[in-house]
Amino acid sequence: MKKNLTNGWSTLYYCVDIIFFIFSIGLFIYSLYVGEKKLILFCLLYLFWNYWFFFRKRNKFKEITFDEENIYFDQKVISYTDIVRIKFGKIEFTDSAEEKFILFMTIPVFNNLDDLIENHEKAVTL
Numbered sequence: 001m002k003k004n005l006t007n008g009w010s011t012l013y014y015c016v017d018i019i020f021f022i023f024s025i026g027l028f029i030y031s032l033y034v035g036e037k038k039l040i041l042f043c044l045l046y047l048f049w050n051y052w053f054f055f056r057k058r059n060k061f062k063e064i065t066f067d068e069e070n071i072y073f074d075q076k077v078i079s080y081t082d083i084v085r086i087k088f089g090k091i092e093f094t095d096s097a098e099e100k101f102i103l104f105m106t107i108p109v110f111n112n113l114d115d116l117i118e119n120h121e122k123a124v125t126l
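Heads up: the sequence shown begins at 1 in full-length UniProt numbering, then just goes up one per residue.
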């Protein structure tokens with residue numbers, strides 16, 4: 001039986017990031033209207049930070065499912081033996097002798113991360 005690692009809350013995070021990004025653009029336009037140099041600099045820094053944060057997280061929310069043997073995401077199947085490390089929010093794995101990782105967002109209350117780690121530990125110890 002496949003379990004879902006990500007959940008619908010990741011879409012909510014994505015929407016909130018878009019709202020903050022649009023808000024930072026509005027603040028920057030307002031600071032240009034007011035014309036104070038410190039305010040313009042602060043709003044420009046805030047806009048760049050939001051831009052960097054938003055686009056860094058944009059590819060983070062992937063639908064990740066797993067069962068007893070494999071993890072599935074992006075039409076890829078990864079065996080537990082190929083996984084190097086599982087952290088909260090990051091799965092590191094090797095793919096054709098190259099180390100890669102996938103970022104994901106989940107809510108601690110509603111996640112199945114403990115089951116995923118348990119399955120990984122079983123596969124590694126065998």
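Quick reminder that beta carbons are idealized off the backbone N, C-alpha and C, glycines included. Everything numeric in this text was worked out from a predicted model, so none of it was measured.
Rounded to the nearest whole angstrom, the C-alpha separation of leucine 103 and phenylalanine 93 is 11 Å. With contacts defined as CB atoms closer than 8 Å, phenylalanine 28 and leucine 47 qualify as a contacting pair. Separation of the CB atoms of phenylalanine 73 and lysine 3 is rounded to 13 Å, and the pair is thereby denied contact status at 8 Å. The three-state reading of DSSP puts lysine 122 in helix, counting H, G and I together.
If you look at aspartate 95, you'll find it in the beta strand (DSSP E) that goes 90-95.
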